[in-house]
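These notes concern the structure reproduced below.
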Amino acid sequence: MTWSRFFSRVLYPHNESFKTKFLLIVLIGLLLSYATTVRALNVELRETSPVSPALLHQDEALYILIHYQSEQPLRFQAMGIYNGQEIKANIRMNPSPAYPAGEDQAIAWVSYYKETQIDSVKVSVYDANWQLLETQSIPLSATWQKDNNSLSNPKASWVNELNRQQQARVKPKQSLSTWDILFVQLLCFSIPIYWILQLRLLWKWTGRWRRFACIPLFISLPLLVYTVFALFLGSNLWPLLMIFITPFTLLMLLIIMSFKRMRSST
């Protein structure tokens, strides 16, 4: 059978038996694909701490024990539900690190820092890239109330251990080496060194060499204005440009000094 004849039969089948067999094959393929997906991801919400009905003070966490089996890393986040609606106001959730593929236990938690009532908890299951895979829900009764009691509900035995593992996954796996720390310190020290040297040369030099010493100012002065402006606006990143650009202006100044010294020695 030629390819053109095959496609003509598939696209324009005249034989009802062939059409039935073809549709049956497609259906079986879809079922097998769905079954493979189901086997590849199995998530079960086992219990909560505290158990339902739970009365919690503001900002106290409700923990969910999760058992999962997956062929890819997963992330979990919990959210309260009341009358079928997600309760997103005044919420705090777990940081949700990526749990490794395989079969293991995970933990998710949710808390509210104002008076809130929920009748179920929804756990969203994501892949490592935060693509939603599925959601699971567990019915319960939990109320966060305003009170002056600082005592929390007793935690189940699994909470502390899984919380510790979760925090360990969130922390950076590799700390800065001694050389990295030294490099960052040199970048920071270059700022006062540059300005002290720049002002000293402008005060000491005269004539054309003073004009040469002004060249780095075409970079450093706009940079200084930008940094002060960013600080005034309350930006957390206000010193970054100065930290990374000032070493180059310092290098320019050192090159000018070296060139002047060479000319003076000849």
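Under our numbering, the sequence shown is numbered contiguously, ending at residue 269.
Idealized CB from N, CA, C, for every residue including glycine.
Here the structure is a predicted model, which is why all the values come from computation and not from measurement.
Simplified DSSP assignment, three categories, for residue i
i	result
residue 269	coil
residue 198	helix
residue 281	Nothing can be reported for residue 281: it is not among the residues displayed for the chain, which extend from 4 to 269.
residue 52	strand
residue 166	helix
residue 61	coil
residue 223	helix
residue 237	coil
residue 154	coil
residue 101	coil
residue 115	strand
residue 180	coil
residue 252	helix
residue 206	helix
residue 94	strand
residue 246	helix
residue 145	strand
residue 88	strand
residue 75	coil
residue 32	Residue placement at residue 32 cannot be trusted, given a pLDDT of 49 that sits under 50; what the coordinates show is reported in the next sentence. Here residue 32 sits in helix by DSSP.
Outcome for residue i when other beta-carbon atoms lying within 10 angstroms are tallied against a minimum of 16
i	result
residue 63	buried
residue 228	exposed
residue 78	buried
residue 299	This structure gives no information on residue 299, because the portion of the chain shown stretches from 4 to 269.
residue 112	buried
residue 195	exposed
residue 48	buried
residue 207	exposed
residue 2	Outside the modelled stretch of the chain, which goes from 4 to 269, sits residue 2, for which no answer is possible.
residue 219	buried
residue 231	exposed
residue 223	buried
residue 209	exposed
residue 85	exposed
residue 43	exposed
residue 237	exposed
residue 202	exposed
Cross-strand partners of residue i (DSSP beta bridge)
i	result
residue 137	128
residue 80	127
residue 68	50, 110
residue 218	Answer is none; residue 218 lacks a bridge partner.
residue 188	Looking at the DSSP assignment, residue 188 forms no beta bridge with any residue, so it has no partner.
Neighbourhood of residue i by C-beta distance below 6 angstroms, restricted to the same chain and skipping five residues each side
i	result
residue 52	66, 158, 159, 162
residue 139	46, 48, 126
residue 234	241
residue 137	128
residue 155	63
Cβ shell of residue i (< 7 angstroms), same chain only, five flanking positions each side left out
i	result
residue 72	45, 106
residue 10	The predicted model places residue 10 with a pLDDT of 46, which falls under 50 and marks its position as unreliable; any figure quoted below should be read in that light. So the list is empty, once near-sequence residues are dropped.
residue 135	127, 129
residue 104	73, 74, 75, 76
residue 245	194, 226, 230
residue 257	none
residue 191	246
Cut-off 8 angstroms between Cβ atoms - residues of its own chain near residue i, not counting five sequence neighbours on either side
i	result
residue 205	213, 216, 217
residue 100	78, 169, 172, 173
residue 150	60, 61
Checklist entry - Does the count of Cβ pairs from the stretch 115–122 and the stretch 73–93 closer than 8 angstroms reach three? => result Output reads yes: the stretch 73–93 touches the stretch 115–122.
Checklist entry - Is the stretch 139–155 in contact with the stretch 117–131, if contact means three or more CB pairs nearer than 8 angstroms? => result As far as the Cβ criterion goes, the stretch 139–155 touches the stretch 117–131, which means the pair count is three or higher.
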